[in-house]
RNA sequence: UGGGGUGUCGCCAAGCGGUAAGGCACUGGUUUUUGGUACCAGCAUUCAGGGGUUCGAAUCCCUUCACCCCAUCCA
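Residue numbers (my numbering): 5 to 752.
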C-alpha cells in the first residue's frame, strides 16, 4: 500500500488541479501570548509542510490583535520554534498589526455598504441580546443608525473620543442565526492599551474574526488551515470576504483536530498557570510539552517532525499516547548518539585480585550503528556498578551479578562476586569480587558464559555529575488541573558517576548512558565544574516490565450497554402515508423513510404515476433520490426519468449496478436514462458463454488468490466478482457472474 | 434543547460499493558483550448500535447512541 495523503493535501491537490489557484500559500498564524507547544509544532508541520510539498510559500504571521495579552518575548519564542524545527517562513515575519490601516478601511467600506454598524449597548446587554443556543437573539436599537452616523461614530472611536466599552463595531448579519457566531459578530472594540508593536497609535482593535480572514486575503493565502474549534467561525470568515466583494482569488478555511497527548496539558491557560505558579521552572522546563521544553530536554527537531508525521491529520478529536513520541526520539537517537557508561546509583566493588590500572579502548557505538569512534576507558581495582545490577537473592530470570552468577563488565572482564559487605542495618555497602584475567573483552579465552554485561566506572577516574530525571508531569492520563500533578516528576541525582571521557572529550551533547537511556548536556546549567545532564528518555526495559509489573489491574472496561432512544412519533399525515405504503407491499423501513419525508413521498407518488412498480421505485427513491434531495441543490432529473430507469431495471435490461451508474450520469449531465444506456452501451450481459472467458482470465491472472480462496479464505469471493465485473465494464450480470464463479472456484 | 463536527484494534490512522493499509503499544521467537537495536511471527470475520438498499456495504439510505465545539468587547 502506498502512502496515503491527508485530507488537507487532497484538498490542495484538488484546488490546484481545478485551477482554483495556481500556487499554494499557507500561513502559520499564532497569537504571541504564550510559548508554543507541540500542538503548534503539528500546525507548523502542516502549514510549512504543505507549502514545501506543493512548491508554495508559508508565511509566519503574528495574530497580534489583542494588545492586553501579547508580548514581544512570545514573538521570539515563536520564531525560535519555527526555526528550530527547520522551517523558513517566506519573507519577513508578518503581523496582523501591519494591516491595521487596511483592515480599518475595510471596516469603513462595510459601514458604507450598510453591512456594519456601531452598537452602543454595554457588554452585559450585548450578551443578553445575543440570546442562547435555543433562543434567537434580538437586534440592538442602535443597528438602525444611519450610515452617516455610523461612519462618524467609527471615526470618532478611532480618534479616541470614547472610553473602553462605550461602542463597538458589529457586522449586520442575523441575530437569529442558528450559528451563534453569526449573531452580528463584533468587528472592532475600543481598547486604550499599549500595543507591543503599534504602541499608542490605535485605540480600536479588530477582533479575530475580522482581522484573520482579511489578513489571509491581504497575504494572498489560499488555504487557511486552523483547528476544529474554529469551525463555527468559518461562516463569518466567508461572510466578511463575500460581503466586501473582494477581487478573487480569496482564501478558504479548513479545519483539523488539534493535538492532544496523554499525561500532559496543552492549553495555553494551563501552561501559563504552571509557569506563573512556579509548578515548573519556566517555559523551557523539560517536563513541559512546550517546544522550548523539548529542546531543553534534548529532543531533536527531527524526532518532533517525525512524530507529527506519524500521528497524521484528521478531524477526530484524539489523544495520542506519549509512547509514540518517546518512540520517535529513541528511534532518532539510536542511530546518532555515542554510548557511554554512567552509574546512577553506585555500589562499590573491590576487585581483590586486580592490581594497578589499565586503559581499555572502547567503541562509542555498538556493532549495529555504522559510526566510528572510541575512547579510553580506565579500569582499576575499585569500581562502581549500578546497585540494581547486583542481587543477593535473585529471582528466576535475573541475568545480572549474584553471589553465584558471574557477569561481564561491559568492554572489560568477567567478574565473580566473592563477598557481600553490609552495614549494621543490613544494607549492602560493598562487594568483594575477583576478575578473570583471561576474559578480557575481545580476547576472552576463559570459556565462561555470562548472561549479561553490565556498565561500570572506575572509582578513581569517574567524574561526579548531576543528572536530572524526569517523570511524567501529571499522574493521570487525562489531567484536568493542578490536583493531577505528579509530585515526583523531577528527581535530581547528584551522586551519579560517569566515565571521564564524556567530560574531557565532549564529543557530543547527547549520549546514551548504556542500558539506561538518552541524556543531554543541559545547555544552560552545564559547567565544567558541575556537569548537568537531562534525561531525555529511557531505553525500553523489558526486564522491568517482566519483573515489576505483577499483572497490571486488568481493568477490562465493560462495554457500555447501548441505549436505544425513542423514535419521534409520526403525525397523522405521516401515519396515513405509512399505512398506504405498507399496504402496497413496501417493507416497513422503506415505507417509514418515505412516509416521514414530505419531499420524498411526493417524489415517490409522482414516479408511481409513470410506472406501476412500487417496490423498485420506493427502493431507488428512499436511497438514491434521498441522498440528492439532502444536498438541497436543484435536481437534474424528474420523476419521469426515474420511472424510465426503474422500467429498464425491472425488465432486466440493466443490472442494479448499472442503474446506479446511470443515475450518477443523470445527476451530472441531466441526460435521459435511455440515452445514457444507448450511448454507452450499458446493456447488461447475461450470456454465460460471454462471461465465462472473463472469469477464466481473472482466475489465470490471480493464481495465488485462487489458492487462498480454496484454502478457506472465502472473503476473496467478492474480489473475484469485482474483478470480473470490472473487466466486463460493469455490464456482466452479477447474478450470473456469482453463479459461474462459485461453480469454477469450488469445483475447478 | 438549536447549530456545527466526529465515531474503523489499547492509542493514532488509511479506506470514498468488490481481499479491513500502516505506525505506536502489546505477545512470542532469532541475533546481540546494552534485558537496547535489528529481524521474523502474532495481534479487527469486522468498522458506535439497530434496520434497509445491493449479487456484494466500513463505504449508499433511515434511525438510535456517545463524545467534542459554539451564548469573551479572547484567539
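For each residue, glycine too, the CB sits at the ideal point set by N, CA and C.
Buried/exposed call for residue i, threshold 16 Cβ in 10 Å
i	result
residue 66	buried
residue 533	exposed
residue 545	exposed
residue 557	For residue 557, the pLDDT reaches just 41, beneath the cut-off of 50, and the residue's location in the model is therefore unreliable, leaving the point undetermined.
residue 427	exposed
residue 341	buried
residue 366	buried
residue 245	buried
residue 566	exposed
residue 329	buried
residue 63	buried
residue 150	exposed
residue 263	buried
residue 496	exposed
residue 601	buried
residue 452	exposed
Option in the options with minimal Cα separation from residue i
i	options	result
residue 56	80, 30, 45, 429	30
residue 141	120, 180, 130	180
residue 138	145, 129, 98, 182	182
residue 230	273, 256, 322	256
residue 298	131, 474, 78	474
residue 584	572, 565, 609	609
residue 225	122, 497, 253	253
residue 348	87, 472, 529	472
residue 270	234, 249, 326, 314	326
residue 205	96, 105, 311, 522	105
residue 76	750, 632, 97, 431	97
residue 352	11, 530, 652, 431	431
residue 501	606, 153, 350, 51	350
residue 436	461, 386, 464	386
residue 362	479, 380, 346	380
residue 661	693, 628, 692, 634	628
Under 9 Å between C-beta atoms of residue i and residue j
i	j	result
residue 541	residue 334	yes
residue 187	residue 134	yes
residue 90	residue 425	no
residue 391	residue 456	no
residue 107	residue 215	yes
residue 535	residue 507	yes
residue 69	residue 221	no
residue 388	residue 466	yes
residue 624	residue 650	yes
residue 100	residue 48	no
residue 294	residue 40	yes
Sequence-distant residues of the same chain with beta carbon closer than 8 Å to residue i, five excluded per side
i	result
residue 5	Low confidence applies to residue 5: its pLDDT is 40, below 50, so where it sits in the model is not reliable enough to give any reading.
residue 14	none
residue 450	418, 440, 442, 443
residue 146	121, 122, 123, 124, 125
residue 458	389, 390, 393, 404, 405, 411, 412, 413, 414, 519
Extent of the continuous beta strand (DSSP E) run through residue i
i	result
residue 612	No beta strand (DSSP E) holds residue 612; the alpha helix (DSSP H) holding it covers 602 to 612.
residue 542	536 to 542
residue 32	29 to 32
residue 420	418 to 426
residue 460	460 to 462
residue 210	208 to 210
residue 279	Run containing residue 279: none in the beta strand (DSSP E); it sits in the alpha helix (DSSP H), 272 to 280.
First and last residue of the uninterrupted alpha helix (DSSP H) at residue i
i	result
residue 241	238 to 247
residue 184	Here residue 184 belongs to no alpha helix (DSSP H), and DSSP marks it neither H nor E.
residue 88	76 to 88
residue 707	707 to 714
residue 551	546 to 552
residue 384	Per DSSP, residue 384 belongs to no alpha helix (DSSP H); it is in the beta strand (DSSP E), 378 to 384.
Close-in-space but distant-in-sequence residues of the same chain around residue i (CB under 7 Å, 5 per side omitted)
i	result
residue 126	169
residue 524	301, 302, 513, 514, 537, 538, 540
residue 38	78, 272, 275, 276
Residues near residue i in its chain [Cβ-Cβ closer than 6 Å; skip 5 each side]
i	result
residue 611	621, 643, 646, 647
residue 377	368
residue 407	421
residue 190	172, 174, 211
residue 278	284
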